[in-house]
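S.K.: If you're matching them up, the sequences are chains A, B and C in order.
Numbering-wise (my numbering), the first sequence opens with residue 37 and increments by one.
Numbering-wise (my numbering), the second sequence opens with residue 137 and increments by one.
Numbering-wise (my numbering), the third sequence opens with residue 60 and increments by one.
Just so it is clear, CB atoms sit at the ideal spot from N, CA and C, and this is done for glycine as well.
For clarity, every value in this text was computed on a predicted model and none was experimentally measured.
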Amino acid sequence: MSQIPSQLVEQLPAVQLLLTLLAAPICSMFRNGDLSWRIATVASWASVACAFALLHQVWGGGSISYEMGGWPPPWGIEVVIDELTAIVLLLVTLFGALVMTALRKSLSSIMRHQRQSLYYTTFLLCMASLIGITITGDAFNVLVFLEISSLATYTLIARGRDRRALTAAFRYLIMGTIGATFILIAIGFMYMLTGTLNMADLSERLPEHYDNKVLHASFAFFTIGIALKVAMFPLHYWLPNAYTYSPKATTAFLAATATKVSLYVMIRFIFDVYGVEFAFGQMQLGTLLVPLSIAGILVASLTAVFQDDAKRLLAWSSVAQLGYMALGMALLNANGLTSAVTHMFNHAMMKAGLFLALATMIYRTQSSSLAALSGIGRTMPWTTGAFAILGIGLIGVPFTAGFVSKWYLVSGALDKDWLPVAILLIISSLMAIAYIGKMLDVMYFKPAPAEFADIKEGPKSMLIPCWIFALLTIYFGIDTRLTAGLAGRVASNLLGAS
Amino acid sequence: MIVGLFNYWIVIILMMAGLYIVMSSGHLVKKIIGLNVFQTSVFIFFISMGTVDGGTAPILKDGFTVFSNPLPHVLILTAIVVGVATTALGLAISVRVFEAYGTVEEDEITAIDRDNRKREISVSTVVTESAQKERDQ
Amino acid sequence: MLVATVFAIVKLDHLMTAVMLMGFFSLLSSCIFMILDAVDVAFTEAAVGAGASTIFILAALAIVGRTSKKKRREKTIVPLIIVTCTGAMLLYATLDMPYFGTPDAPVHTHVAPRYLLESGEEVGPPNIVTSVLASYRGYDTFGEAGVVFTAFIGVMILLGAGTRKSGLEREAPPNVKVESMRQKIVLREVADLLIAPVLVFALYVQWHGDFGPGGGFQAGVIFASAIILYALIYGIVPAQKILPPRKLAYFPGIGLLLYALVGVVAMFKGGNFLAYGALMADPHDGQHYGILAIELGIGITVAAVMINIFFSLSERSL
């Protein structure tokens with residue numbers, strides 16, 4: 037009997053993926069939306085438990101390797117889980133599960149029951165594929181799961197109420213497919229040089245080709261391809277529309293996970309596969325990335341200030357926040373990388389919470405324009421309260437999660453004696469105060485429009501996840517062992533690997 | 137050199153033509169055609185990579201010892217299927233676009249959206265035809 | 060020839076012809092795959108690229124109209140610059156590439172030899188592509204089945220055959236085209252003759268994938284194309300009478316579950332996910348039956364998905 041638990045532990049990496057991936061086809065077979073919602077919710081929470089178990093196993097710097105199909109790498113496909121993987125897994129599953137819990141109410145008003153079960157299926161598929169991307173140790177396998185997640189995302193976006201959702205989804209489809217094909221070319225080039233697709237194997241075999249033009253081109257194609265997926269400035273232009281028009285709570289999930297996982301892929305490839313020395317030394321990625329990300333932060337923040345639609349405003353803020361992460365990565369020192377990884381987690385949490393709170397408001401008002409949301413602080417105090425806490429977190433006020441990551445980022449810049457960069461970062465925080473403040477101002481101090489004067493507080497199933505997000509934001513602002521502590525170890529690992 | 141790389145050069149021309157179609161064409165379906173061409177050319181590149189002079193198809197049989205590399209074949213099999221999946225979804229979206237806008241020309245769609253935005257300054261949400269249709273059913 | 064075809068597509072505004080040329084392009088590239096010894100890929104490209112994609116695009120065109128308008132000038136310059144840059148980058152890369160066909164390129168010396176030399180022993184099937192696809196990289200293929208399934212769900216959500224009133228339940232509008240097709244006796248006869256052998260051929264491809272080129276994907280597409288042929292000749296309504304979309308919608312999920320089930324059973328038997336060797340006492344038998352089962356799963360998924368997508372696209376134009 038005692039063998040069974042240990043066997044289960046060994047199989048955890050596969051179980052992690054299968055929970056959500058198998059729940060998807062099962063969900064699709066039910067016409068009853070509520071029933072599929074229950075299955076989907078149970079599966080996603082089980083998946084959270086699994087992610088915690090994995091994190092527990094690798095905590096402190098361990099790593100697990102699992103051979104799919106029982107073939108040793110590089111012949112078979114390997115699944116690798118280390119601390120960085122585990123934290124991203126936790127991000128995807130936990131925030132996915134929270135949004136999933138809130139999703140039922142949010143959907144019930146816009147979709148019929150039969151469609152709903154298909155929608156949950158797509159949601160599960162998206163989650164499963166993000167898990168798949170995160171855990172895999174094989175370059176081509178990344179691409180396969182990336183494609184599932186992209187297709188699922190296009191579908192999720194295209195279901196928005198506004199017809200502009202369709203064009204947004206189509207544009208994203210074209211951009212995404214070009215990006216994926218670029219990555220395919222990059223992987224093809226790497227394979228051509230080394231004859232292998234396994235990431236660990238690649239990182240051993242690539243250094244001898246550092247002067248090879250094929251590898252240079254491979255790196256260029258990879259960077260462009262993945263930057264399209266991450267929506268890194270200036271390749272971000274699909275993102276604002278996609279987030280604005282995608283239906284309700286879905287935005288919360290997409291904003292939290294999709295771009296973060298792409299960023300994770302970027303970190304993995306650049307630091308582990310290509311190697312720091314090659315990427316930043318030889319290819320001068322830093323000189324390209326630093327100015328672009330700073331420009332991205334400033335331009336996107338400024339654009340956010342002038343938006344009059346709450347969803348679009350938050351979408352632009354996402355572009356800016358992605359800039360923080362890219363900058364943290366490009367700083368190439370321990371503090372910078374720590375901030376990138378920490379902010380990946382923290383921003384996912386805060387943005388998911390913000391979009392979810394917004395979705396709860398929209399559930400009542402049916403509109404996301406600031407005009408419709410004015411005065412909502414009085415009619416929906418609890419939702420707005422959660423929104424306010426999350427917003428303050430996003431600005432980076434002390435004792436919230438946002439402060440932690442920004443603090444590391446600024447000290448990373450100071451470590452490099454880049455005073456202007458640090459100052460620009462503080463200016464961008466002021467802009468964040470401007471756009472978050474603008475929303476809070478409208479919500480609390482403007483009179484509510486007559487038609488929304490007596491709307492009720494949001495449904496509990498949406499309100500509770502919102503507050504969980506809000507409380508987590510405060511919690512991770514105070515206790516940073518899970519986020520910054522782990523990120524620090526990851527950072528020194530990534531840098532030490534070079 | 138010319139002989140050794142000729143194959144790759146042709147592939148590059150094809151790829152770029154495909155990419156050009158995607159970016160220059162305003163018609164959504166034609167964009168998808170371009171995407172298909174682009175992807176197919178990448179496939180040819182992969183397969184070229186796996187070829188060995190004097191090799192044969194990778195099926196074990198007595199009397200053959202030199203085979204072309206099976207791994208690129210497998211990757212491309214996967215990629216082809218992924219490609220058709222994307223095509224199908226892209227078409228589904230463009231059909232919906234057509235139903236919602238009455239056109240699939242990109243600039244016309246942009247123009248319609250711009251007009252709408254001007255009109256909807258006071259009322260912010262426009263319940264679209266398609267959403268309405270959805271509810272009627 | 061390929062190049063000529065592509066440039067023709069660039070220039071053409073008439074989409075119908077462009078689609079036909081795209082099919083032709085696919086067919087040509089499948090010939091190239093054949094010459095380059097990639098028989099499996101050639102097979103798939105011919106079935107999927109030239110067959111399925113073309114039919115889908117045609118079905119979509121039937122809805123959205125056939126001509127694309129002359130594009131304005133400024134749109135052509137920017138893409139041209141981007142394309143030239145990308146192309147230049149690729150050309151730059153080719154300078155350091157191992158020449159075409161060299162046997163000692165790294166591609167051939169690192170991972171591949173084990174597949175070539177030992178797959179016969181370790182996995183079994185003489186067709187190495189099948190062994191790699193289904194066993195060594197079975198996890199990839201599982202993901203791929205997932206991609207197809209995702210596309211299916213996406214199309215269902217967006218266009219919704221089965222959940223929408225299908226052709227069966229609606230009153231069929233008088234469709235002139237279908238009627239005139241029906242009167243073409245020759246076409247009908249030929250189709251009648253063809254459909255049965257095509258179905259049988261699909262099954263052959265399904266089970267024969269171990270030995271020759273073929274397997275679940277190809278079989279699924281061929282099977283679907285037989286049904287699509289039927290639908291084209293007799294109209295979509297009779298085709299849906301035979302295969303009601305509501306029921307058909309279950310099959311993609313079933314196929315995917317079958318695939319996963321094989322993997323999960325292996326896990327319970329003490330192996331890793333998708334380690335077919337653990338399925339039976341003799342690892343060889345395990346590999347053999349495991350591969351057969353997952354190929355069947357793929358076949359079911361792909362066939363059902365293709366037919367479903369075709370139905371949903373063509374239903375919209377009714």
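Does the structure place the segment 326 to 339 of chain C close enough to the segment 287 to 296 of chain C that three or more beta carbon pairs sit under 8 Å?
M.R.: No, the segment 287 to 296 of chain C is not in contact with the segment 326 to 339 of chain C.
S.K.: Examine chain C for any beta-carbon lying closer than 8 Å to the beta-carbon of residue 177 of chain A, and answer yes or no.
M.R.: Looking up residue 177 of chain A in the first sequence gives position 141. It does; some Cβ of chain C falls within 8 Å.
S.K.: My guess is that residue 430 of chain A and residue 386 of chain A are in contact by the Cβ rule of under 8 Å, so how many angstroms apart are they, rounded?
M.R.: Your numbering for residue 430 of chain A matches position 394 in the first sequence. Your numbering for residue 386 of chain A matches position 350 in the first sequence. Yes, residue 430 of chain A and residue 386 of chain A are in contact; Cβ-Cβ is about 5 Å, under 8 Å.
S.K.: With 16 as the cutoff for other CB atoms within 10 Å, does residue 414 of chain A come out buried or exposed?
M.R.: Here residue 414 of chain A corresponds to residue number 378 of the first sequence, with the count starting at 1. Under this definition residue 414 of chain A is an exposed residue.
S.K.: For the alpha helix (DSSP H) holding residue 166 of chain C, just list the boundary residues, first then last.
M.R.: Locating residue 166 of chain C in the third sequence gives position 107, where the first residue counts as 1. Looking at the DSSP string, the run of the alpha helix (DSSP H) that includes residue 166 of chain C is 165 to 168.
S.K.: Given 8 Å as the limit, is there contact between the segment 90 to 101 of chain A and the segment 185 to 203 of chain A, that is, 3 or more CB pairs closer than that?
M.R.: Taking 8 Å as the limit for Cβ pairs, the verdict is that the segment 185 to 203 of chain A does not touch the segment 90 to 101 of chain A.
S.K.: When we look at the beta-carbon of residue 243 of chain A and count the other beta-carbons within 10 Å, is it buried (16 or more) or exposed?
M.R.: By 1-based counting over the first sequence, the position of residue 243 of chain A is 207. So residue 243 of chain A counts as exposed.
S.K.: Establish whether the CB of residue 104 of chain C and some CB of chain B are separated by less than 8 Å.
M.R.: Sequence index remark: in the third sequence, residue 104 of chain C carries index 45 (1-based). It does; some Cβ of chain B falls within 8 Å.
S.K.: DSSP beta-bridge partners for residue 115 of chain A?
M.R.: Here the question's residue 115 of chain A lines up with position 79 in the first sequence. DSSP lists A:102 and A:172 as partners of residue 115 of chain A.
S.K.: Verify the CB distance criterion: does residue 233 of chain B have a CB-CB separation below 8 Å to chain A?
M.R.: For the purposes of this step, residue 233 of chain B is taken as the residue at position 97 of the second sequence. It does; some Cβ of chain A falls within 8 Å.
S.K.: According to DSSP, is residue 345 of chain A helix, strand or coil?
M.R.: For the purposes of this step, residue 345 of chain A is identified with residue 309 of the first sequence, where counting begins at 1. Of the three classes helix, strand and coil, the one that applies to residue 345 of chain A here is strand, per DSSP.
S.K.: Residues of chain B with a CB under 7 Å from the CB of residue 221 of chain A: which are they?
M.R.: In the first sequence, the residue the question calls residue 221 of chain A occupies position 185. Near residue 221 of chain A (Cβ distances below 7 Å), the residues of chain B are 178.
S.K.: Can you tell me whether residue 481 of chain A is buried or exposed, with buried defined as 16 or more other CB within 10 angstroms of its CB?
M.R.: Start at 1 with the first residue of the first sequence, and residue 481 of chain A comes out as number 445. Its Cβ having fewer than 16 others within 10 Å, residue 481 of chain A is exposed.
S.K.: Which class does residue 132 of chain C belong to by DSSP, given the choice of helix, strand or coil?
M.R.: Residue 132 of chain C sits at position 73 when you count from the first residue of the third sequence. Bear in mind that the predicted position of residue 132 of chain C carries a pLDDT of just 46, short of 50, making it too unreliable to give a figure here.
S.K.: Does the beta carbon of residue 228 of chain A sit closer than 8 Å to a beta carbon anywhere in chain B?
M.R.: Mapped onto the first sequence, residue 228 of chain A falls at position 192. True, the Cβ-Cβ gap to chain B drops below 8 Å.
S.K.: Whose C-beta lies closer than 7 Å to the C-beta of residue 354 of chain C among residues of the same chain, with five residues either side of it excluded?
M.R.: Counting from 1 along the third sequence, the entry for residue 354 of chain C is found at position 295. Answer for residue 354 of chain C: 193, 265, 268, 274 and 275, listed in chain order.
S.K.: So residue 100 of chain C and residue 212 of chain B are supposed to be a Cβ contact under 8 Å. How far apart are they, rounded?
M.R.: Position 41 of the third sequence holds residue 100 of chain C. Position 76 of the second sequence holds residue 212 of chain B. Yes, residue 100 of chain C and residue 212 of chain B are in contact; Cβ-Cβ is about 5 Å, under 8 Å.
S.K.: Express the C-alpha separation of residue 309 of chain C and residue 365 of chain C in angstroms, rounding to a whole number.
M.R.: Along the third sequence, one-based indexing puts residue 365 of chain C at 306. Along the third sequence, one-based indexing puts residue 309 of chain C at 250. Computed Cα separation, rounded: 13 Å.
S.K.: Please classify residue 528 of chain A: does DSSP put it in a helix, a strand, or coil?
M.R.: In the first sequence, counting from the first residue as 1, residue 528 of chain A sits at position 492. Three-state DSSP puts residue 528 of chain A in a helix.
S.K.: Buried or exposed for residue 357 of chain A, going by 16 or more other Cβ atoms inside 10 Å?
M.R.: Taking the first residue of the first sequence as position 1, residue 357 of chain A is located at position 321. Buried: at least 16 other Cβ atoms inside 10 Å.
S.K.: Please decide whether residue 39 of chain A counts as near chain B, where near means a Cβ-Cβ distance under 8 Å.
M.R.: By one-based count along the first sequence, residue 39 of chain A stands at place 3. The pLDDT assigned to residue 39 of chain A is 49, lower than 50, so where the model puts this residue is not dependable, and the model offers no usable value.
S.K.: Between the segment 306 to 322 of chain C and the segment 176 to 186 of chain C, do three or more beta carbon pairs fall short of 8 Å?
M.R.: Result no; under three Cβ-Cβ pairs closer than 8 Å.
S.K.: Drop a sphere of 10 angstroms on the beta-carbon of residue 110 of chain A, count the other beta-carbons inside from all chains shown, and report buried for 16 or more, exposed for fewer.
M.R.: The sequence position of residue 110 of chain A within the first sequence is 74, counting from 1. Looking at its Cβ environment, which holds 16 or more other Cβ atoms inside 10 Å, residue 110 of chain A is buried.
S.K.: Could you tell me which chain A residues have their CB closer than 7 Å to the CB of residue 167 of chain B, listed as they occur along the chain?
M.R.: In the second sequence, the residue the question calls residue 167 of chain B occupies position 31. Neighbours of residue 167 of chain B on chain A, chain order: 210.
S.K.: Anything in chain C within Cβ reach of residue 245 of chain B, meaning under 7 Å, just list it in chain order.
M.R.: By one-based count along the second sequence, residue 245 of chain B stands at place 109. By Cβ distance, chain C contributes nothing, its closest Cβ being about 12 Å from residue 245 of chain B, past 7 Å.
S.K.: Does residue 237 of chain B come within less than 8 Å of chain C when only Cβ atoms are used?
M.R.: Taking the first residue of the second sequence as position 1, residue 237 of chain B is located at position 101. Chain C contact via Cβ: absent.
S.K.: Taking CB distances under 8 Å as the criterion, tell me whether residue 153 of chain B reaches chain A.
M.R.: As a first step, residue 153 of chain B is located in the second sequence; it is residue number 17 there, counting from the start. It does not; no Cβ of chain A falls within 8 Å.
S.K.: With a 10 Å radius around its C-beta and 16 neighbouring C-beta atoms as the bar for buried, classify residue 532 of chain A as buried or exposed.
M.R.: Walking along the first sequence from the start, residue 532 of chain A turns up at place 496. It counts as exposed.
S.K.: Just to confirm my understanding: we take residue 254 of chain A, look at its own chain, exclude 5 residues before and 5 after, and list those with CB closer than 6 Å. What are they?
M.R.: Within the first sequence, the letter at position 218 stands for residue 254 of chain A. Here the set comprises 222, 225 and 226.
S.K.: Please classify residue 271 of chain B: does DSSP put it in a helix, a strand, or coil?
M.R.: Numbered from its first residue, the second sequence carries residue 271 of chain B at position 135. Confidence at residue 271 of chain B is low in this model, with a pLDDT of 44, below 50, so the placement of that residue should be treated as unreliable; the coordinate-derived value is given next. Residue 271 of chain B falls in the helix class under three-state DSSP.
S.K.: Output needed for residue 250 of chain A: all residues of its chain with C-beta closer than 8 Å, excluding positions within five of it in sequence on either side, in chain order.
M.R.: Along the first sequence, one-based indexing puts residue 250 of chain A at 214. These residues qualify, in order along the chain: 225, 228 and 229.
S.K.: Quick one: does residue 196 of chain C have its CB under 8 Å from some CB of chain B?
M.R.: As a position in the third sequence, residue 196 of chain C is number 137, starting the count at 1. Yes, residue 196 of chain C counts as interfacial toward chain B.
S.K.: Report yes if the CB atom of residue 180 of chain B is closer than 8 Å to the CB atom of residue 116 of chain C, and no otherwise.
M.R.: Along the second sequence, read from residue 1 onward, the residue named residue 180 of chain B stands at position 44. Along the third sequence, read from residue 1 onward, the residue named residue 116 of chain C stands at position 57. No, these two residues do not count as a Cβ contact at 8 Å.
S.K.: So, does the CB of residue 356 of chain C fall closer than 8 Å to a CB anywhere in chain B?
M.R.: By one-based count along the third sequence, residue 356 of chain C stands at place 297. No, residue 356 of chain C lies away from the interface with chain B (no Cβ there is under 8 Å from its Cβ).
S.K.: Out of C:93, C:197 and C:110, which has the shortest C-alpha to C-alpha gap to residue 351 of chain C?
M.R.: Position 292 of the third sequence, counting from 1, holds the residue named residue 351 of chain C. The option with the nearest alpha carbon to residue 351 of chain C is C:197.
S.K.: For the alpha helix (DSSP H) that residue 343 of chain C lies in, which residues bound it at each end?
M.R.: Along the third sequence, read from residue 1 onward, the residue named residue 343 of chain C stands at position 284. Taken as a continuous stretch (DSSP letters only), the alpha helix (DSSP H) holding residue 343 of chain C covers 342 to 375.
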